[in-house]
Amino acid sequence: MNTALTIADLKERARRRVPKMFFDYADSGAWTEGTYRANEEDFQKIKLRQRVLVDMTNRSLASTMVGQNVSMPVALAPTGLTGMQHADGEMLAAQAAEEFGVPFTLSTMSICSIEDVASVTKKPFWFQLYVMKDRDFVASLIDRAKAANCSALVLTADLQILGQRHKDLRNGLSTPPKFTPKHIWQMATRPSWCMGMLGTQRRTFRNIAGHAKNVTDLSSLSSWTAEQFDPQLSWKDVEWIKERWGGKLIIKGILDVEDAKMAAKTGADAIVVSNHGGRQLDGAPSSIAVLPEIADAVGDLIEVHIDGGIRSGQDVLKALCLGAKGTYIGRPFLYGLGAGGKQGVTRALEIIRRELDVTLALCGKRDVQDAGPDLLYKPRDRG
Ligand SMILES: Cc1cc2nc3c(=O)[nH]c(=O)nc-3n(C[C@H](O)[C@H](O)[C@H](O)COP(=O)(O)O)c2cc1C
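So the sequence shown is numbered by the UniProt record's numbering: it starts at 1 and just counts up by one.
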């Protein structure tokens, strides 16, 4: 794993180890994938200020996100079907994050359940909530997250209906995998992935199967999930979710100043500026492009986080300079997981930590909490 030097290296390894339909599921965006690409490309347009001959000893990347200590301000984003990138993927990623001292966020649409992850971790993790039409089930999910001692609830606001991803449709993606000749071939050519999957019982949506009403077998589960995302979800629902949960609440999927103001009014603890990794509204701006205006509008009312397109520690630093207090990575940790299980996730975090540390120093700062707009290069700085 140590020979992987960049997130792009991990991505190439994952491509070779994960069956095509699941690798593509991670590496895809909605429709033209324009927003998915912009998320990454817009980070490249931001330039850093090189500063020299300043003391660079005793550097610190430690910070807080929603009041919780983090060894660096980078959390693992919630991602569905993570246990299909690697057997028991959510449990392994949660353990890697715990050892690293950063938050792990478990998706509602995970393969390993809340209870599975709690059984292999010692510190609290975060739980991401999708709101389903069956509100009794939503309430029970919240209660299960509480019982598992989760320390933040991440409410995803940008997936009331599902954006279309062509690759998934073309690949015939399904969970659990279908056994058509094409799919059998894709899996057979990935023997270590298959061995892992044969060695675990966790191959379906374990937060849902056996918990939601009328979901007893796999065919009832797939029709249930297709019907259950609630298109009527509104700001009013945030109230009861907040009350039922009673702990730290993060609203994820904010891309507009007006929505950011609404979110701040709910009394939530943080927002995540996000377009779901370019997987929902294709044609929307990149997360990093809208971060400054959102941070400017609500930064003194609510903690502002961001995800989308972060592929290096440099990207993390740029986001912090533009007003984010915390960042999340989705695909980078999935690529690590696909490439090498828990070790691969740890490697993804190490790569980002090293890049963040060196970049911060070369910008003339020793404490990540001092990151601000003065670290970014603007032509007028040339004087
Ligand atoms: C494969 C995949 C599955 C995802 N599933 C979820 C999910 O279940 N819930 C959610 O809130 N966001 C989900 N997201 C969005 C991520 O939480 C996050 O917003 C996005 O990955 C950030 O962009 P990045 O992948 O460029 O880091 C998913 C993203 C990916 C790539």
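Note that beta-carbon positions come from the ideal geometry of N, C-alpha and C, so glycine has one too.
Query                                                                                                                            : Result
beta-carbon PRO332 near ligand 1 non-hydrogen atom, thresh 7 Å                                                                   : yes
Extent of the continuous beta strand (DSSP E) to which TRP245 belongs                                                            : It is not in any beta strand (DSSP E) - TRP245 instead sits in the alpha helix (DSSP H) that spans 235-245.
The beta strand (DSSP E) enclosing ILE251, as first and last residue numbers                                                     : 249-254
Cβ-Cβ distance between ALA295 and VAL66 below 8 Å                                                                                : no
Secondary structure of ASN39, DSSP reduced to three states                                                                       : helix
Among LEU255, THR108, HIS86, the one whose alpha carbon lies nearest that of GLY199                                              : HIS86
Extent of the continuous alpha helix (DSSP H) to which THR359 belongs                                                            : 331-362
Meets three-Cβ-pair contact criterion under 8 Å: the segment 78-93 and the segment 115-126                                       : yes
First through last residue of the alpha helix (DSSP H) which encompasses ILE7                                                    : 7-17
Contacts around VAL70, its chain only, beta-carbon distance under 8 Å, and the 5 residues preceding and following it disregarded : ALA62, SER63, THR64, GLY101, VAL102, PRO103, GLY326
LEU291: first and last residue of the uninterrupted alpha helix (DSSP H) it sits in                                              : 287-298
Residue from HIS276, SER286, GLY246 whose Cα sits closest to the Cα of GLY267                                                    : GLY246
Heavy atom of ligand 1 within 7 Å of HIS276 beta-carbon                                                                          : yes
Residue interval of the beta strand (DSSP E) (run including ILE271)                                                              : 270-273
Extent of the continuous alpha helix (DSSP H) run through GLN95                                                                  : 89-100
Euclidean distance between Cα positions of TRP224 and CYS112                                                                     : 18 Å
DSSP three-state assignment for LEU106, whether helix, strand or coil                                                            : strand
heavy atom of ligand 1 below 7 Å from GLN164 C-beta                                                                              : no
Beta-carbon contacts of ALA26 that lie in its chain and below 6 Å, excluding the five residues immediately before and after      : ARG331, LEU334
Helix, strand or coil at ASN171 [DSSP, three-state]                                                                              : helix
Same chain, Cβ closer than 7 Å to residue 387, neighbours up to 5 away in sequence not counted                                   : Limits of the chain in this structure are 1 at one end and 383 at the other, which puts residue 387 out of reach.
Contact test: SER151 Cβ vs ligand 1 heavy atom, cutoff 7 Å                                                                       : no
Proximity test, ASN207 beta-carbon vs ligand 1 heavy atom, cut-off 7 Å                                                           : no
7 Å CB neighbourhood of GLY34 in its chain, flanking five on each side removed                                                   : ASP282, GLY283
Element boundaries [alpha helix (DSSP H), containing ASP134]                                                                     : First-last for ASP134: undefined, no H or E at that position.
Range of the contiguous beta strand (DSSP E) that encloses VAL70                                                                 : 68-70
Cβ pair GLY340, PHE23 closer than 8 Å                                                                                            : no
Contact test: THR6 Cβ vs ligand 1 heavy atom, cutoff 7 Å                                                                         : no
DSSP state of SER60 mapped onto helix, strand, coil                                                                              : strand
Near ligand 1: GLY336 beta-carbon under 7 Å from a heavy atom                                                                    : no
Bridge partners - GLU303, DSSP secondary structure assignment                                                                    : ALA270
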